[in-house]
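Peer 1: Counting from 1, one number per residue, gives the positions in the sequence shown under UniProt numbering.
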Amino acid sequence: MTAGQIAALIAAGAFVLLVVLLGIMLFKLGRTLDEATIAIRKAHENSDPLFNGANTTLTHVNAQLERVDGITSNAQAVTGNVSALTSVFTATLGGPLVKFAAVSYGVSKAIKARRRAKGEIEGKHSRRKRKGVRA
């Protein structure tokens with residue numbers, strides 16, 4: 001056997017080993033693809049009830065949102081009415097009430113000042129009487 005024949009035998013053995021390894025990998029890849037196909041099929045079969053439930057839930061949510069829209073529109077109407085009523089109240093009674101409050105505050109301040117002044121005058125008279133001085 002010559003060196004060329006030995007090299008050819010080694011190359012042939014390496015090629016056979018490569019083919020065997022590729023065959024094993026292809027076999028495992030085929031099994032993996034089969035399992036993936038089965039998983040996808042099961043997921044597709046089990047997704048129908050899930051989608052039906054989601055559709056039912058969305059229908060109920062839409063019905064509730066329609067009710068909320070009705071309530072919100074009623075609240076907007078009430079808010080508009082209250083705003084208008086406040087404007088009317090402010091225009092008709094607001095000015096006179098503010099004036100009345102200002103006058104009553106001024107009167108109460110004046111009464112307190114007068115009482116304080118009267119108390120100070122009486123205090124001077126009582127001090128003078130204690131000292132024996134007549135006013």
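In this text, a Cβ means the ideal position worked out from N, Cα and C, and glycines have one as well.
Looking at the structure shown, is Thr-2 part of a helix, part of a strand, or coil, going by DSSP?
Peer 2: Looking at Thr-2 - three-state DSSP - the assignment turns out to be coil, as it is neither helix nor strand.
Peer 1: Distance, Cα to Cα, Gly-70 vs Leu-97?
Peer 2: Distance between the alpha carbons of Gly-70 and Leu-97: 38 angstroms.
Peer 1: Straight-line CA distance for Ala-8 to Leu-18?
Peer 2: Answer to the nearest angstrom: the Cα atoms are 15 angstroms apart.
Peer 1: Alpha carbon to alpha carbon, how far is Ala-110 from Ala-102? Give it in angstroms, no decimals.
Peer 2: If you take the alpha carbons of Ala-102 and Ala-110, they lie about 12 angstroms apart.
Peer 1: By how many angstroms is the C-alpha of Thr-32 removed from the C-alpha of Ala-38?
Peer 2: The amino acid at residue 38 is misidentified as Ala; the sequence shows Ile. Roughly 10 angstroms separates the two Cα atoms.
Peer 1: CA-CA distance, Val-82 and Val-88?
Peer 2: Taking the straight line from one Cα to the other gives about 10 angstroms.
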